[in-house]
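There are 2 protein chains.
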Amino acid sequence: MLVKVPEQGTLADIAAHRLAHSIVTGELAQGQKLNEAELAERFGMGRGPLREALRHLEGMRLVKRIPNAGARVVVLDRKTLADLYGVREALEGMACRLAASQMTDDEIAQLGKLLDRHEEQIKKQGGKVYAQSEGDLDFHYQIARGSRNQMLMDMLGSEQYQLLRMCRYRTSRNAQRTKPALNQHRQIVQALQQRDGELAELLMRRHIQGAWRSISEMIDKEEQAA
Amino acid sequence: MLVKVPEQGTLADIAAHRLAHSIVTGELAQGQKLNEAELAERFGMGRGPLREALRHLEGMRLVKRIPNAGARVVVLDRKTLADLYGVREALEGMACRLAASQMTDDEIAQLGKLLDRHEEQIKKQGGKVYAQSEGDLDFHYQIARGSRNQMLMDMLGSEQYQLLRMCRYRTSRNAQRTKPALNQHRQIVQALQQRDGELAELLMRRHIQGAWRSISEMIDKEEQAA
DNA sequence: ATCACTCCGATTGTCGACAATCCGTAGCCA
DNA sequence: TGGCTACGGATTGTCGACAATCGGAGTGAT
Chain Y
1462 MLVKVPEQGT LADIAAHRLA HSIVTGELAQ GQKLNEAELA ERFGMGRGPL REALRHLEGM
1522 RLVKRIPNAG ARVVVLDRKT LADLYGVREA LEGMACRLAA SQMTDDEIAQ LGKLLDRHEE
1582 QIKKQGGKVY AQSEGDLDFH YQIARGSRNQ MLMDMLGSEQ YQLLRMCRYR TSRNAQRTKP
1642 ALNQHRQIVQ ALQQRDGELA ELLMRRHIQG AWRSISEMID KEEQAA
Chain P
1462 MLVKVPEQGT LADIAAHRLA HSIVTGELAQ GQKLNEAELA ERFGMGRGPL REALRHLEGM
1522 RLVKRIPNAG ARVVVLDRKT LADLYGVREA LEGMACRLAA SQMTDDEIAQ LGKLLDRHEE
1582 QIKKQGGKVY AQSEGDLDFH YQIARGSRNQ MLMDMLGSEQ YQLLRMCRYR TSRNAQRTKP
1642 ALNQHRQIVQ ALQQRDGELA ELLMRRHIQG AWRSISEMID KEEQAA
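Same order as they appear, the protein sequences are chains Y and P.
Counting in our numbering, the first sequence runs from 1462 upward without gaps.
Counting in our numbering, the second sequence runs from 1462 upward without gaps.
Right, dumping it as structure tokens:
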């Protein structure tokens, strides 16, 4: 599983994960104020560890802190998401190019199997859209790992990943894009098998651009409705 | 100035900046253990704020924390730096491409003037290599700002920036590359003036590749000496 | 001599209480 | 009536002390 296990570490780490989960799933609304005392009580810990967790989330850009005024859940407005997808395109494109020369044949084959499971899940039922999203993220994460660039993995894994998941939750209602996305994934794997880094990068960039267009349209509709 | 002012904010923020400075300048050696009580005493604060600062630095990848075993200054080995420069190439290339279409004429002119000051400083004396480095970082940061992509600015500014400065300190002894670097900077500004994003990106990527080659050779020599 | 165990000092992790700061409200004055 | 000021509650920022955990020295048995 991608989501790190409950983590036996320090309370601050546990709090960070629980908070991240609550934020990503929308349990904590965007822009909501985060009261330290209240959260500490809810998690059954003191305010010290919780404050450390907030600092951590601040680094992940999941919350925004203002000195003497507390922390608020970040708001994913259109501009922020546009910036995110722009950066993602550059980073994941790079990851794909590197993965084409760095991944082992076995790893690429594994990636193909991941897509098989993914396809089956879609056929079986479009209901569990969420599972699709997670699977999709898994796909992207595996490619990041394939780049063998630790910094890239960190950026795509730990940081943007959370914002991405958050975005997915907001927009997970439209499952229309799952099938074209799967096809694009297959094309990417094919390029990786052929060890064609340039093509793999190009395909990944287009894939992400497509995802952004889809998200963008949805935001338009939302804004129009409001 | 690029370095944020001492910051009147919370003690944790102050501690984070002072620690970051100490780490970047090498005052705190790579891999050195960071004793909470000792640092807290040195900074004249309690351990609480200091722990928050360490969490912050952990997010910036300046320190690495191990549960129940404390925090250590990160070690910039060859692989880490290689990864860093790879990511930089992708991100700064992207920033350059965007900047070509987003920066105002005035901003680009300002960039040119920055290079003039830079050149003068080099002519006047190659002694203050550090100033050169800071000026160089300033150049890169201005371009990041020119991209109008907030996430990009954050990544290049707050995070990688510190690691970069750390790297510069280690390798600041060789000032040989200042002049070719300046020329490359000029070329980039020229491309920006012509609003040629593709060219600007290409030039920036080459510039960073060149910087990496230079750094890489230096590391080789260091390792050979050791 | 080597390995394993135990104990101890040191360091980290956590908590509760206190001080500083900010936001909103109510009151006062022009 | 409008705006400025002073106050009060709530929230954040900070500290010191206590508990939990880890690393290492020392000891003893094989």
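Beta carbons: idealized from backbone N, C-alpha and C, even for Gly.
Task: Residues of its chain near R1647/P, where Cβ-Cβ distance is below 7 Å and the 5 sequence neighbours each way are ignored - done: If you number the second sequence from 1, residue 1647/P lands on position 186. For R1647/P, where only same-chain residues beyond five positions count, the Cβ hits under 7 Å are L1576.
Task: Beta-carbon proximity of Y1630/Y to G1487/Y, cut-off 8 Å - done: Translated into positions along the first sequence, residue 1630/Y becomes position 169. Translated into positions along the first sequence, residue 1487/Y becomes position 26. Yes.
Open item on the list: Any contact between the stretch 1647 to 1657 of chain Y and the stretch 1562 to 1579 of chain Y? By contact I mean 3 or more CB pairs, one from each, below 8 Å.
Closed with: yes
Task: Under 8 Å between C-beta atoms of D1544/P and Q1621/Y - done: Position 83 of the second sequence, counting from 1, holds the residue named residue 1544/P. Position 160 of the first sequence, counting from 1, holds the residue named residue 1621/Y. It is not a contact, given that the beta carbons lie outside the stated cut-off.
TODO: Under 8 Å by Cβ, that's how I've got Q1623/Y and A1481/Y pegged, so tell me the actual separation to the nearest angstrom.
DONE: Counted from its first residue, the first sequence places residue 1623/Y at position 162. Counted from its first residue, the first sequence places residue 1481/Y at position 20. Yes, Q1623/Y and A1481/Y are in contact; Cβ-Cβ is about 6 Å, under 8 Å.
Open item on the list: Can you tell me where the alpha helix (DSSP H) holding V1650/Y begins and where it ends?
Closed with: Indexing the first sequence from 1 puts residue 1650/Y at position 189. Per DSSP, V1650/Y belongs to the alpha helix (DSSP H) from T1639 to Q1654.
Open item on the list: Which residue marks the beginning of the alpha helix (DSSP H) containing G1547/P, and which one marks its end?
Closed with: Locating residue 1547/P in the second sequence gives position 86, counting from the first residue. Element bounds for G1547/P: R1539 to Q1563.
- [ ] Please name the residue in H1668/P, E1497/P, Q1571/P and A1476/P whose C-alpha comes closest to that of N1644/P.
- [x] Looking up residue 1644/P in the second sequence gives position 183. Answer by Cα proximity: H1668/P.
Task: Straight-line gap, R1431/Y to L1559/Y (C-alpha atoms, nearest Å) - done: Within the shown structure, residues of chain Y are numbered from 1462 to 1687, placing residue 1431/Y beyond reach of any answer.
Open item on the list: Just to confirm the assignment, what range does the alpha helix (DSSP H) spanning A1570/Y have?
Closed with: Position 109 of the first sequence, counting from 1, holds the residue named residue 1570/Y. First-last of the alpha helix (DSSP H) with A1570/Y: D1566 to K1585.
TODO: Output the distance between the C-alpha atoms of P1528/Y and E1659/Y, rounded to the nearest integer angstrom.
DONE: Within the first sequence, residue 1528/Y is the residue found at index 67, counting from 1. Within the first sequence, residue 1659/Y is the residue found at index 198, counting from 1. Taking the CA atoms as reference points, P1528/Y sits about 46 Å from E1659/Y.
Task: Collapsed DSSP secondary structure at V1464/Y in the structure displayed - done: Position 3 of the first sequence, counted from the start, is the residue given in the question as residue 1464/Y. Only weak support is given to the placement of V1464/Y: the predicted model assigns it a pLDDT of 46, under 50, and the question is left unresolved by the model.
Open item on the list: I want to verify the contact list: residues of chain P whose CB lies under 9 Å from the CB of G1547/Y, in sequence order.
Closed with: Taking the first sequence and counting its residues from 1, one reaches residue 1547/Y at position 86. Going along chain P in sequence order, the residues near G1547/Y (Cβ under 9 Å) are M1555, L1559, S1608, N1610, M1612 and L1613.
- [ ] Indicate whether R1479/Y and F1504/Y have their beta-carbon atoms separated by less than 8 Å.
- [x] Mapped onto the first sequence, residue 1479/Y falls at position 18. Mapped onto the first sequence, residue 1504/Y falls at position 43. A contact, by the Cβ cut-off of 8 Å.
Open item on the list: Measuring CB atoms only, is the stretch 1675 to 1686 of chain Y touching the stretch 1512 to 1521 of chain Y, in the sense that at least three cross pairs come out at less than 8 Å?
Closed with: no
Open item on the list: Under 8 Å, Cβ to Cβ, is there at least one residue of chain P near V1466/Y?
Closed with: Within the first sequence, the letter at position 5 stands for residue 1466/Y. Here V1466/Y scores only 46 on pLDDT, less than 50, and its place in the model should not be relied on; the value that follows carries that caveat. With 8 Å as the cut-off, V1466/Y does not count as an interface residue toward chain P.
Open item on the list: Please classify A1530/Y as buried or exposed, where buried requires at least 16 other C-beta atoms within 10 Å of its C-beta.
Closed with: Along the first sequence, one-based indexing puts residue 1530/Y at 69. Exposed, by the Cβ-count rule.
TODO: Can you check DSSP and say which residues form a bridge with A1532/P?
DONE: Indexing the second sequence from 1 puts residue 1532/P at position 71. Per DSSP, L1495/P and R1526/P.
Open item on the list: I need the DSSP call for T1471/P, collapsed to helix, strand or coil.
Closed with: Taking the second sequence and counting its residues from 1, one reaches residue 1471/P at position 10. In the structure shown, T1471/P sits in coil (DSSP, three-state: anything other than H, G, I, E or B).
Open item on the list: Does chain Y have any CB closer than 8 Å to the CB of L1552/P?
Closed with: Residue mapping note: residue 1552/P aligns to position 91 of the second sequence, counting from 1. It does: the Cβ of L1552/P has a partner Cβ on chain Y nearer than 8 Å.
Task: Residue range of the unbroken alpha helix (DSSP H) whose run includes G1507/P - done: In the second sequence, residue 1507/P corresponds to position 46, counting from 1. Per DSSP, G1507/P belongs to no alpha helix (DSSP H) and is neither H nor E.
TODO: Can you tell me which of V1485/Y, A1501/Y and P1510/Y puts its alpha carbon nearest to the alpha carbon of G1470/Y?
DONE: Counting from one through the first sequence, the residue named residue 1470/Y turns up at place 9. For G1470/Y, the nearest C-alpha among the options comes from P1510/Y.
Task: Burial state of D1474/Y, where buried means 16 or more other Cβ atoms lie within 10 Å - done: Mapped onto the first sequence, residue 1474/Y falls at position 13. Under this definition D1474/Y is a buried residue.
Open item on the list: With H, G and I counted as helix, E and B as strand and the rest as coil, what does DSSP make of S1608/Y?
Closed with: Within the first sequence, residue 1608/Y is the residue found at index 147, counting from 1. In the structure shown, S1608/Y sits in coil (DSSP, three-state: anything other than H, G, I, E or B).
TODO: Report the rounded CA-to-CA distance for G1547/P versus K1585/Y, giving the unit in angstroms.
DONE: Mapped onto the second sequence, residue 1547/P falls at position 86. Mapped onto the first sequence, residue 1585/Y falls at position 124. Each residue's Cα considered, the two are about 41 Å apart.
Open item on the list: Counting only C-beta atoms, is E1683/P closer than 8 Å to chain Y at any point?
Closed with: Position 222 of the second sequence, counted from the first residue, corresponds to residue 1683/P. Not one chain Y Cβ lies under 8 Å of E1683/P.
Open item on the list: Rounded to whole angstroms, what is the Cα-Cα separation between L1472/Y and M1506/Y?
Closed with: Reading the first sequence from its first residue, position 11 is the one you call residue 1472/Y. Reading the first sequence from its first residue, position 45 is the one you call residue 1506/Y. Approximately 7 Å between the Cα atoms of the pair.
Task: Nearest residue (CA-CA) to A1642/Y, options L1625/Y, D1597/Y and G1520/Y - done: Along the first sequence, one-based indexing puts residue 1642/Y at 181. Comparing Cα-Cα distances from A1642/Y to each of L1625/Y, D1597/Y and G1520/Y, the minimum goes to D1597/Y.
Open item on the list: Taking only three categories from DSSP, how would you classify E1662/Y?
Closed with: For this step, residue 1662/Y is matched to residue 201 along the first sequence. Three-state DSSP puts E1662/Y in a helix.
Open item on the list: Between the alpha carbons of A1498/Y and I1484/Y, how many angstroms are there, rounded?
Closed with: One-based indexing of the first sequence puts residue 1498/Y at position 37. One-based indexing of the first sequence puts residue 1484/Y at position 23. One C-alpha to the other measures close to 18 Å.
TODO: Return the CA-CA distance between V1524/P and L1617/P, expressed in angstroms with no decimal places.
DONE: Indexing the second sequence from 1 puts residue 1524/P at position 63. Indexing the second sequence from 1 puts residue 1617/P at position 156. Using only the alpha carbons, I get a separation of about 18 Å.
- [ ] Look at the alpha carbon of E1502/P and the alpha carbon of A1476/P, and state the distance between them as a whole number of angstroms.
- [x] Start at 1 with the first residue of the second sequence, and residue 1502/P comes out as number 41. Start at 1 with the first residue of the second sequence, and residue 1476/P comes out as number 15. Spanning the two alpha carbons is a distance of roughly 11 Å.
Task: Secondary structure of D1657/P, DSSP reduced to three states - done: The count along the second sequence starts at 1 and reaches residue 1657/P at position 196. D1657/P: coil per DSSP, three-state reduction.
Task: Proximal residues, the stretch 1505 to 1516 of chain Y versus chain P, C-beta separation under 8 Å - done: Cβ contacts with chain P come from G1509, R1512, E1513 and R1516.
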